[in-house]
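The sequence shown maps to residues 17 to 280 in my numbering.
Working notes, beginning with the structure itself.
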Amino acid sequence: MVSILLYFLQVGETSGKFAPIAASKNCVVIDNSSTFRMNEDVPLIVPEVNPEEISNHHGIIANPNCSTIQAVVALKPLDDKYNIKRIVYSTYQAVSGAGKKGIDDLANGIKGLQPSKFPYPIYNNCLPHIDVFLDNSYTKEEEKMINETRKILKKPDLKITATAVRVPVFNSHCESINVEFENEFNLYELKKTLSNSPGIIVKDDIENNIYPLPTNATGNDEVFIGRIRRDFSVDSGVNLWVVADNIRKGAASNAIQIMEYMMR
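Here it is as structure tokens:
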């Protein structure tokens, strides 16, 4: 009998030490840290996107980064149909993604107090700085999105760039995703493809000001997509506005869904 261990600690050293021990005892560890995500022997799973990879585990399954999860849920059905050529990510990430201290910084900033988590006040501000800066001038968060998307979509050479920004919102990440396809598309059919894909709710009625908002997404497990429109600067491009609860679908719910899939 195999036990499934949902491992929500996001401390890399802790996961690196204890996950292999649990796996050696005939447990399956679903790990929410970044420790194993880019390990070739560890599947990186979003159930709506690549459930077939779950069975390839060797005792450890990695839960992707929160911003990556909601992005690939939106992108996978489009890649299957139109073959993605290039992606430009611009994220607007809630303070809950930085944990309790991030939430406290926003709450305390409203009261005029100085931050303890972020390098600058987050209240009434936007910080183009999530995680540490790397030698290539990208942040670690941006590099996570790039590398994890390539792994999940099985496109190691896919052209992707990213800018990740922390915004003064308590919960639910927003992403502006610009996608260029190899194949031409019909916009109506593209919207229908998204609407019929698992885990997605399309909210795209601009005549009535209906589009995804963090307040809509919070408390839900679906990925909300709107502002779906053609990018006229390239031959076959589209812009998407993608919103999801980063604590639920971006972390806990995705891990639970992996477990449920395994149990089925």
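For every residue, glycine included, the Cβ atom is placed at its ideal position computed from N, Cα and C.
Values in this document were obtained by computation on a predicted structure and should not be read as measured data.
Cβ-based neighbour list, residue i, same chain, cut-off 7 Å, excluding 5 preceding and 5 following
i: V88; result: V62, V65, T165, I168 and L169
i: I146; result: Q109, T155, E157, A180 and R182
i: I263; result: S112 and N187
i: L60; result: R53, A78, P80, E164, K167 and I168
Alpha-carbon to alpha-carbon, residue j and residue i
i: S192; j: V104; result: 8 Å
i: R182; j: I85; result: 17 Å
i: A267; j: N79; result: 7 Å
i: H73; j: P214; result: 23 Å
i: D329; j: D261; result: Look at the range of the chain in this structure, 17 to 280, and you will see that residue 329 is not part of it.
i: E196; j: K127; result: 43 Å
i: C142; j: R280; result: 43 Å
i: E200; j: E223; result: 26 Å
i: Y108; j: F186; result: 11 Å
i: D221; j: S40; result: 51 Å
i: D247; j: R102; result: 13 Å
i: P172; j: P184; result: 34 Å
i: L174; j: L129; result: 43 Å
i: I274; j: I46; result: 8 Å
i: L94; j: N236; result: 23 Å
i: I176; j: C82; result: 17 Å
i: M278; j: I70; result: 8 Å
i: K33; j: A233; result: 34 Å
i: T231; j: I138; result: 19 Å
i: G92; j: A123; result: For the record, residue 92 in the displayed sequence is Lys; it is not Gly. Roughly 36 Å between the two C-alpha positions.
i: A90; j: L206; result: 11 Å
i: C281; j: D96; result: Because the chain here runs from 17 to 280, residue 281 falls outside it and cannot be looked at.
i: F134; j: V148; result: 11 Å
i: E68; j: E276; result: 14 Å
i: E29; j: K265; result: 24 Å
i: I119; j: N212; result: 35 Å
Heavy atom of the ligand PLP within 7 Å of residue i beta-carbon
i: I119; result: With respect to the ligand PLP, the structure shown offers nothing to examine, as it has no ligands at all.
Same chain, Cβ closer than 6 Å to residue i, five either side skipped, listed in chain order
i: I217; result: E238 and F240
i: I226; result: K219
i: R243; result: Y227 and W257
i: E56; result: none
i: A178; result: Y105, E158, M161 and I162
i: F52; result: V58, I76 and A78
i: S269; result: D237
i: P144; result: V181
Distance between beta carbons of residue j and residue i, contact taken as under 8 Å
i: G125; j: H189; result: 19 Å between Cβ atoms; not a contact.
i: A35; j: I76; result: 5 Å
i: K160; j: S249; result: Not confirmed; about 27 Å, so no contact.
i: V259; j: L210; result: About 13 Å; that fails the 8 Å criterion.
i: N163; j: M54; result: 6 Å
i: S132; j: K117; result: 6 Å
Beta-carbon contacts of residue i that lie in its chain and below 8 Å, excluding the five residues immediately before and after
i: L203; result: I244, R245, R246 and V254
i: E198; result: Y98, N99, I100, K101 and S252
i: N140; result: G125 and P184
Quick check on the DSSP output: what are the complete alpha helix (DSSP H) runs of length 4 or more inside the stretch 60-90, in order along the chain?
Within the stretch 60-90, no complete alpha helix (DSSP H) run reaches 4 residues.
Segments assigned beta strand (DSSP E), at least 3 residues, entirely inside the stretch 178-207
189-197
Does the stretch 246-259 come close enough to the stretch 194-208 that 3 or more CB-CB pairs lie under 8 Å?
Contact holds: three or more Cβ-Cβ distances are below 8 Å.
Unbroken beta strand (DSSP E) runs of length 3 or more, entirely within the stretch 103-166: which are they?
Listed in chain order, nothing qualifies, since the stretch 103-166 has no complete beta strand (DSSP E) run of 3 or more residues.
Just list the beta strand (DSSP E) runs in the stretch 223-266, keeping only unbroken ones of 3 residues or longer that don't cross its boundaries, in chain order.
Runs found: 239-247 and 253-260.
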